[in-house]
Amino acid sequence: MPRIGITCSYYAWPEEEKNCLSLTRYVDAVGDAGGRGELLWLPPETENGAASNEAVQQHAQRLAQQLDGLIISGGADLPPSYYGADEHPDSHIKLVPALRPAFETILLREFLERGKPAFGICYGCQFFNVRRGGSLVQDIPTEWPNPIAHADTRHTVRVLPGTQLHHIVGMEEVDIRSSHHQSVKKLAPDAAVTSYAPDEVIEAIEFKDQPFFIGVQWHPEHDRDSLATQRLFGALIAACR
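Residues 16 to 256 in the working numbering are what the sequence shown lists, from first letter to last.
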């Protein structure tokens with residue numbers, strides 16, 4: 016049974032019921048597809064408040080050796096310093112813990128160097144794009160022309176024919192659960208867009224230099240009965256075998 020590591024924004028199991036439920040959905044979706052999802056907590060903090068670079072590196076290497084695939088899960092906002100931008104003045108911007116993207120950067124590199132599958136969901140899709148040289152729209156409602164609602168709603172996305180995503184889901188339109196206010200802006204040089212929202216916000220990307228390196232802006236783990244979700248997680252597990 017393939018073991019899939021699932022990143023999160025916590026050092027231990029969160030007490031908040033909402034966050035616990037969100038994390039278990041990833042595990043359940045992986046389980047539905049025949050894998051075993053394992054939550055990857057942030058490395059333990061040291062006395063001075065941060066894990067050492069060496070400790071983080073060793074932790075990431077162990078995980079990449081032991082696990083078969085990686086999911087970079089949803090979360091808050093990636094610090095704009097990662098893509099050379101100033102922070103948006105809107106007060107509702109909420110950043111992930113600083114150690115999370117630092118840890119995930121090393122973790123992703125270790126998995127990709129081993130040719131292991133990586134699947135990014137929401138924040139994870141944005142993270143993939145930024146780590147490969149792209150940038151983000153920091154706030155769709157105030158920066159995007161004539162945007163549709165993307166936060167806590169549902170809408171359709173169109174999947175581009177000829178892409179790996181289209182080959183996986185087998186359909187050109189998918190109804191999805193959306194919960195974000197940021198998105199891909201400048202596309203990473205080695206990325207390809209595979210899906211758009213009705214307002215042309217980028218909804219999915221993929222990278223051709225790996226067998227399975229895909230990011231989706233929506234939350235398939237919330238739609239476990241969806242055929243598209245089942246095929247996505249099924250393809251992830253198949254790529255790990």
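Ideal Cβ positions, reconstructed from N, Cα and C, are used throughout, including at glycine.
Note that the structure is predicted; figures quoted are calculated from it, not measured.
Report the residue from the options whose alpha carbon sits nearest the alpha carbon of residue i.
{"i": "PHE222", "options": "GLY89, PHE134, PRO112, MET16", "result": "PHE134"}
{"i": "LEU122", "options": "LEU55, THR178, ALA164", "result": "LEU55"}
{"i": "ALA79", "options": "ARG129, GLY52, VAL111", "result": "ARG129"}
{"i": "PRO160", "options": "ARG256, ASP43, PRO213", "result": "PRO213"}
{"i": "GLU119", "options": "ILE252, THR22, ILE217", "result": "THR22"}
{"i": "HIS107", "options": "GLN197, GLN73, LEU202", "result": "GLN197"}
{"i": "ASP154", "options": "TYR97, HIS103, ASP238, ARG77", "result": "HIS103"}
{"i": "GLN72", "options": "PHE126, GLY50, PHE248, SER150", "result": "PHE126"}
{"i": "GLU190", "options": "VAL231, PRO204, GLY50", "result": "Note that residue 190 is Asp in the sequence shown here, rather than Glu. With distances taken between Cα atoms, ASP190 lies closest to VAL231."}
{"i": "GLY148", "options": "ASN68, TYR98, GLY49", "result": "TYR98"}
{"i": "MET186", "options": "LEU242, PRO29, ASN34, ILE19", "result": "LEU242"}
{"i": "ILE252", "options": "ARG51, GLU32, LYS33", "result": "ARG51"}
{"i": "HIS165", "options": "THR178, GLU218, ASP205", "result": "GLU218"}
{"i": "PRO226", "options": "PRO204, GLU31, THR178, ARG40", "result": "THR178"}
{"i": "PHE248", "options": "PRO112, HIS170, GLU188, GLY49", "result": "GLY49"}
{"i": "ILE136", "options": "GLU158, PRO156, GLY89, THR157", "result": "GLY89"}
Distance check for residue j and residue i, CA to CA, integer angstroms please.
{"i": "GLN245", "j": "PRO58", "result": "31 Å"}
{"i": "GLU236", "j": "LEU114", "result": "24 Å"}
{"i": "HIS182", "j": "PRO95", "result": "33 Å"}
{"i": "PRO17", "j": "ALA250", "result": "12 Å"}
{"i": "ILE220", "j": "ALA27", "result": "30 Å"}
{"i": "LEU85", "j": "TYR138", "result": "14 Å"}
{"i": "LEU93", "j": "ASP105", "result": "15 Å"}
{"i": "THR168", "j": "ASP224", "result": "33 Å"}
{"i": "ALA100", "j": "LEU110", "result": "14 Å"}
{"i": "PHE228", "j": "GLU53", "result": "19 Å"}
{"i": "SER194", "j": "TRP233", "result": "7 Å"}
{"i": "GLU62", "j": "LEU38", "result": "Model confidence at GLU62 stands at a pLDDT of 47, short of 50, so the residue's coordinates are unreliable; what they give is reported in the following sentence. For GLU62 and LEU38, the distance between alpha carbons rounds to 28 Å."}
{"i": "VAL42", "j": "VAL184", "result": "20 Å"}
{"i": "ILE163", "j": "ALA44", "result": "27 Å"}
{"i": "PHE142", "j": "PRO116", "result": "8 Å"}
{"i": "PRO176", "j": "CYS255", "result": "24 Å"}
{"i": "TYR180", "j": "ALA70", "result": "The sequence given here has Leu at residue 180, not Tyr. Cα-Cα distance, rounded: 36 Å."}
{"i": "GLY46", "j": "LEU202", "result": "32 Å"}
{"i": "VAL172", "j": "ALA91", "result": "22 Å"}
{"i": "LEU82", "j": "ASP240", "result": "26 Å"}
{"i": "CYS140", "j": "ALA207", "result": "12 Å"}
{"i": "THR209", "j": "LEU36", "result": "29 Å"}
{"i": "ILE87", "j": "ALA75", "result": "13 Å"}
{"i": "LYS131", "j": "ILE19", "result": "10 Å"}
{"i": "LEU151", "j": "VAL216", "result": "11 Å"}
{"i": "SER24", "j": "ASP238", "result": "22 Å"}
{"i": "ARG124", "j": "SER67", "result": "18 Å"}
{"i": "HIS170", "j": "ARG192", "result": "7 Å"}
{"i": "PRO112", "j": "VAL174", "result": "32 Å"}
{"i": "TYR211", "j": "VAL199", "result": "11 Å"}
{"i": "VAL145", "j": "GLU30", "result": "30 Å"}
{"i": "ASN34", "j": "ARG40", "result": "10 Å"}
{"i": "ARG77", "j": "THR157", "result": "42 Å"}
{"i": "ASP205", "j": "GLU188", "result": "24 Å"}
Could you tell me which residues DSSP puts in a beta bridge with residue i?
{"i": "VAL45", "result": "Paired residues: none, contrary to the question."}
{"i": "GLY230", "result": "GLY135, ILE220"}
{"i": "LEU54", "result": "ILE21"}
{"i": "GLY84", "result": "ILE19"}
Handout entry: 3 or more residues per run - each beta strand (DSSP E) lying fully within the stretch 89–173
Key = 133–136
Problem - 3-residue-minimum beta strand (DSSP E) runs that sit fully inside the stretch 178–210, ordered along the chain - result: 188–193
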